[in-house]
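The block underneath contains the structure these notes are about, expressed in structure tokens.
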Amino acid sequence: MKLYDVYPLFDIDIVRGQGCTVWDDKGTEYLDLYGGHAVISIGHCHPHYVEMMQTQLNKLGFYSNSVINTLQVQLAERLGKACGYEDYNLFLVNSGAEANENALKLASFHTGRKRVLAAGKAFHGRTSLAVEATDNPKIIAPINACGHVTFLPLNDLAAFEAELSKGDVAAVIIECIQGVGGIRMATAEFMQGLRKACDAHGTVLICDEIQCGYGRSGRFFAHQHLDVKPDIITVAKGIGNGFPLSGVLISPMFEATYGQLGTTFGGNHLACAAALAVLDVMESENLVENAARVGEHLMTELSKMEGPVEVRGKGLMIGIEFAESIKEMRTRLVKEQHVFTGAASTNILRLLPPLTLTMEQADDFLQRLRRVMA
10 MKLYDVYPLF DIDIVRGQGC TVWDDKGTEY LDLYGGHAVI SIGHCHPHYV
60 EMMQTQLNKL GFYSNSVINT LQVQLAERLG KACGYEDYNL FLVNSGAEAN
110 ENALKLASFH TGRKRVLAAG KAFHGRTSLA VEATDNPKII APINACGHVT
160 FLPLNDLAAF EAELSKGDVA AVIIECIQGV GGIRMATAEF MQGLRKACDA
210 HGTVLICDEI QCGYGRSGRF FAHQHLDVKP DIITVAKGIG NGFPLSGVLI
260 SPMFEATYGQ LGTTFGGNHL ACAAALAVLD VMESENLVEN AARVGEHLMT
310 ELSKMEGPVE VRGKGLMIGI EFAESIKEMR TRLVKEQHVF TGAASTNILR
360 LLPPLTLTME QADDFLQRLR RVMA
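FYI, the numbering for the sequence shown is 10 to 383, going by our numbering.
Right, here's the structure in full:
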């Protein structure tokens, strides 16, 4: 049996990691400015993370959600304090798509409606309704194209207000910083107006913080830069530092009903141990503040370079847009300069490093990028 071939792969086998550095099976060292697609939040193989995981595995790796799991309770309390949403409730699942799927389901249960509004260039996942809310027809199968979702331009408040006024919209789902869409940011004016319009028409506002959340933007959540409070927040990626885990943060206006939502693996003991270790390190090493500081430095220096058309982002979520394709540049960064980066569209270099990235490592990357651009 062979693997189902769905990814174009670099011919590199990464076998070890530490902090913002990874090594392949030949011993070549790489600077990781990709973080496994924004997943590695506290760095590869952080000693505290490894110890927490090993300790928990020696106790209990898994039991079902049919019994009390005190680690889930601890995680909910810690996460609420860390992000400022202590009065919200937490439902734990396994992936970002699953978190968005459950968020949209909750909105439909709550309102009794079917329609969803999403932004152009949005990416919300690859499962049933999450993929229908993703603005990429190439990945939406006929079985998923059910007509539930209307796409409108990001930051076009009038367009959203017009659709909301019809009174049949269950939810609006928004990435306040679009990742796959090219590090495109919602404005404060748009998000605050959208909040008012959702309130006026009884529509649930969902902020997808799967890529832009968990400290990456220099605040715990990206929407906190915009002075807006959503009804539901979805998180994944950085929450587990590589261990599959995601969550739905649910405002008190929703009343839980037995059997309405469920999961087999979500919030298992190992996953919660991973998430608690992540919060420990984020707090003890001030990683949200570090993301803001190092990200601002990178943005400033990148903006001085000749070549990029635009540099945009917040914290350690940065898009470097060029006039031409970056395929060759990204390949040369890997093969010649030993740097991993991400991409969006065909012409945007995407930086999603661990939140532990230092000023020295940021400057090292800038030097390597200049060599390739030269």
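Where a beta carbon is used, it is the ideal one built from N, C-alpha and C, also for glycine.
All values reported here derive from a predicted model rather than from experimental measurement.
Check	Outcome
With Leu325 and Arg225 assumed to form a contact (beta carbons below 8 angstroms), what rounded beta-carbon distance in angstroms separates them?	6 angstroms
Determine which residues share a DSSP beta bridge with Asn98 and list them.	Ile259
Please report the distance separating the alpha-carbon of Pro162 from that of Ala195.	10 angstroms
Which ranges would you report for the beta strand (DSSP E) in the stretch 223-257 if only whole runs of at least 3 residues count?	241-244
Pairing CB atoms from the stretch 69-77 with CB atoms from the stretch 211-223, are three or more of them under 8 angstroms?	no
Classify Ile327 as helix, strand or coil using the three-state DSSP reduction.	strand
Straight-line CA distance for Tyr267 to Ile148?	33 angstroms
How big is the Cα-Cα spacing for Val237 and Phe169?	16 angstroms
If you count every other CB in all the chains shown that lies within 10 Å of the CB of Arg380, and 16 or more means buried, which is it?	exposed
Assess contact between the stretch 252-266 and the stretch 98-109, defined as three or more Cβ pairs (one per stretch) separated by less than 8 angstroms. Is contact present?	yes
Starting from Val290, trace the alpha helix (DSSP H) in both directions and tell me its first and last residue.	His278 to Ser293
Look up Arg135 in the DSSP assignment and say whether it is helix, strand or coil.	coil
Grouping DSSP H, G and I as helix and E and B as strand, with all else coil, what is Ile192?	coil
Per DSSP, Arg359 is paired with what?	Gly328 and Gly351
Please report how far the alpha carbon of Ser334 lies from the alpha carbon of Gly190, in whole angstroms.	16 angstroms
Would you be able to state if there are at least three C-beta pairs under 8 angstroms between the stretch 307-324 and the stretch 237-256?	no
Would you call the CB atoms of Ala283 and Phe252 closer than 7 angstroms?	yes
Quick check on the DSSP output: what are the complete beta strand (DSSP E) runs of length 3 or more inside the stretch 196-224, in order along the chain?	213-217
In chain order, which beta strand (DSSP E) runs of at least 3 residues are fully inside the stretch 56-109?	98-102
What number of angstroms, rounded off, separates the C-alpha of Gln27 from the C-alpha of Ile51?	10 angstroms
If you check the beta carbons only, do Tyr43 and Gly328 fall under 7 angstroms apart?	no
Roughly how far, in whole angstroms, is the beta-carbon of Cys155 from the beta-carbon of Glu141, given that I think they are within contact range, below 8 angstroms?	6 angstroms
With a cut-off of 8 angstroms on the beta carbons, I'd call Gly276 and Gln81 a contact; round off their distance for me.	5 angstroms
Would you be able to state if there are at least three C-beta pairs under 8 angstroms between the stretch 337-354 and the stretch 280-295?	no
Beta carbon of Leu166, beta carbon of Phe199: below 7 angstroms?	yes
With a threshold of 16 other CB atoms inside 10 Å of the CB of Arg193, please say whether the residue is buried or exposed.	buried
Under 7 angstroms, do Val125 and Ala180 count as touching if we go by C-beta distance?	yes
Is DSSP giving Ala112 helix, strand or coil here?	helix
What residue range does the alpha helix (DSSP H) around Phe374 cover?	Met368 to Met382
Could you have a look at Leu161 and say whether DSSP puts it in helix, strand or coil?	strand
Please state if the CB of Asp22 and the CB of Asp34 are separated by a distance shorter than 7 angstroms.	yes
Taking the DSSP output, what are the residues bridged to His53?	Gly28
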